[in-house]
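> Input: one structure, supplied below.
Residue numbers (this note's numbering), protein chains in the order written: chain A, -6 to 104; chain B, 29 to 142.
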């Protein structure tokens, strides 16, 4: 079973920030938070991951709460091409290849 | 760098047949994992190979098997196909196993069993 809870869907306007929430209240100390997304008919694409500290890369920012029980993926300027299913996953470093995907959140970016 | 390449892209087979799917990882990546994606069950882990050895296995019957070659390329085989095996089969590679390095997925092989 997935150890994360995400709302089923959300939308945002093109050009605005998209803030995707994820709850992982049972996360353990050695588990990372990973975000992947899947655009229709393609394989999942890695976005970002983190352990405790907030992380930023060219695609997104990951904000992890101090108690690590929840996180938010931020797409700073959403475009239509960001419409996809976004998966939040927690996993030990030693099991980085054996990920348990939940249902994810469907983000729809509207013009 | 070229991404993860999976062949064929689409495949149609009949119940009872067997099928072999191929995956070429990103150059330098030694870990290859396989996942099955269906509308009902979502993405499910099948198995992982590292340096030609199976390191992890998911909860699938023995009809599903795989192997990895010395150049890190991998194949998975499904024998005695069932209708329920119709799915998108995804291969992913990563630089190492046992660390936090992310997975890089191919675009999958769409298998239809009739």
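C-beta: ideal position from N, C-alpha, C; glycine also.
Does residue -5 of chain A come out as helix, strand or coil in the three-state DSSP assignment?
coil
> For the candidate residues B:128, B:58, B:56, B:32, whose alpha-carbon lies nearest to that of residue 23 of chain A?
B:128
> State yes or no: is the C-beta of residue 62 of chain A within less than 9 Å of the C-beta of residue 32 of chain A?
No; because the gap between Cβ atoms is not below 9 Å, this pair is not in contact.
> Quick check on residue 49 of chain B: does DSSP put it in helix, strand or coil?
strand
> Should residue 76 of chain B be flagged as near chain A, meaning a C-beta pair shorter than 9 Å?
yes
> Using C-beta distances below 6 Å, list every residue in its chain close to residue 100 of chain B, excluding the 5 sequence neighbours before and after it, in chain order.
53, 58
> Residue 29 of chain B bridges to which residues according to DSSP?
According to DSSP, which records beta bridges pairwise, residue 29 of chain B is partnered with nothing at all.
> Starting from residue 96 of chain A, find everything on chain B with Cβ-Cβ shorter than 7 Å and list it in chain order.
Under the 7 Å cutoff, chain B gives 70.
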